[in-house]
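This note's numbering numbers the first residue of the sequence shown as 27 and each following residue consecutively.
Below is one structure, written out as structure tokens; the observations come after it.
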Amino acid sequence: VGAVYSGIPISYGRREAGFMLRRTRAKVLVVPERYRDRDVIGFAGELAGETEHLRCVVVLGESPCDPGWMSFEELTQRPSQACATPEETPAGALVHLGFTSGTTGEPKAVMNTHQTLDAVLTGWVEHVGRSTLGERPVNLVCSPIGHHTGFLWGVLLSAYVQGTAVCLD
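In structure tokens form, the structure reads like this:
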């Protein structure tokens, strides 16, 4: 697909989220329809209006019927684009940008490749022991997927061990 994932914690405000979208030159923003009492759709609309490269906001749920918006369901119904197969994707290709907290200045994006994330997951599974995890483990994911922990341990680890991720809302 050529997409690079960069999660934005749901707790971030306009300044932090806008910074990340501008720094990465994000073309697509994926948001939940709701999160607690937060107006996520309104927040995403503000960000879209302030972010030059952003072309589309994809909503997990019902989406506004405005240009540049679509629901995740609409996205999955579109004819698929020509995607690279795993064999065609270089192991050293960038796949994830994980932002630091910026304690010494502006946040910086740590660039992870398929190789680096595979090394982390492989090492962790070897350390814990495959037998400890079980045949098809169920992973309770308490961190939001926009946070590095929710992405790495919730999404990637669950897929890596052919398990099931149960996300706490």
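Ideal placement from N, C-alpha and C gives every residue a C-beta, glycine not left out.
Which of helix, strand or coil DSSP assigns to residue i
{"i": "Tyr186", "result": "helix"}
{"i": "His79", "result": "coil"}
{"i": "Ala135", "result": "strand"}
{"i": "Ala43", "result": "helix"}
{"i": "Leu194", "result": "coil"}
{"i": "Arg49", "result": "helix"}
{"i": "Val30", "result": "coil"}
Start-to-end residues for the beta strand (DSSP E) that takes in residue i
{"i": "Leu101", "result": "It is not in any beta strand (DSSP E) - Leu101 instead sits in the alpha helix (DSSP H) that spans 98-103."}
{"i": "Phe177", "result": "Per DSSP, Phe177 belongs to no beta strand (DSSP E) and is neither H nor E."}
{"i": "Val164", "result": "164-167"}
{"i": "Pro58", "result": "54-58"}
{"i": "Val121", "result": "120-125"}
Sequence-distant residues of its chain with Cβ nearer than 6 Å to residue i (five each side left out)
{"i": "Gly124", "result": "Val136, His174"}
{"i": "Thr129", "result": "none"}
Neighbourhood of residue i by C-beta distance below 7 Å, restricted to the same chain and skipping five residues each side
{"i": "Leu147", "result": "Leu182, Leu183, Tyr186"}
Endpoints, the alpha helix (DSSP H) within which residue i is located
{"i": "Gly149", "result": "140-154"}
Residues near residue i by beta carbon distance below 8 Å, same chain, minus five either side
{"i": "Lys53", "result": "His79, Leu80, Arg81, Cys82"}
{"i": "Arg40", "result": "Phe69, Glu72, Leu73, Glu76"}
{"i": "Gly87", "result": "Pro58, Glu59, Arg60, Ser97, Phe98"}
{"i": "Thr115", "result": "His140"}
Residue closest to residue i, alpha-carbon to alpha-carbon, out of the options
{"i": "Phe69", "options": "Arg48, Gly189, Cys91, Ile36", "result": "Ile36"}
{"i": "Glu76", "options": "Leu86, Pro90, Trp95, Phe45", "result": "Phe45"}
{"i": "Ala29", "options": "Tyr61, Gly128, Ile171, Thr139", "result": "Thr139"}
{"i": "Leu143", "options": "Val167, Arg162, Gly118, Gly155", "result": "Gly118"}
{"i": "Thr50", "options": "Arg162, Leu120, Glu152, Cys168", "result": "Leu120"}
{"i": "Glu161", "options": "Arg48, Ser169, Ile67, Val151", "result": "Val151"}
{"i": "Cys193", "options": "Leu178, Gly172, Cys168", "result": "Cys168"}
{"i": "Gly189", "options": "Gly149, Pro170, Arg156, Gly172", "result": "Arg156"}
Residue i Cβ short of 7 Å to the ligand ADP heavy atom set
{"i": "Val54", "result": "Of the ligands one can find in the structure shown there are none, so the ligand ADP has no counterpart to examine."}
Cβ distance (whole Å) where residue i is taken to contact residue j below 8 Å
{"i": "Ala145", "j": "Asn165", "result": "Between Asn165 and Ala145 the Cβ distance is about 20 Å, and since that is not below 8 Å, they are no contact."}
{"i": "Tyr31", "j": "His153", "result": "With 8 Å as the limit, Tyr31 and His153 do not qualify as a contact, their Cβ atoms being about 24 Å apart."}
{"i": "Ile67", "j": "Gly172", "result": "Not really, about 16 Å apart at Cβ, beyond 8 Å."}
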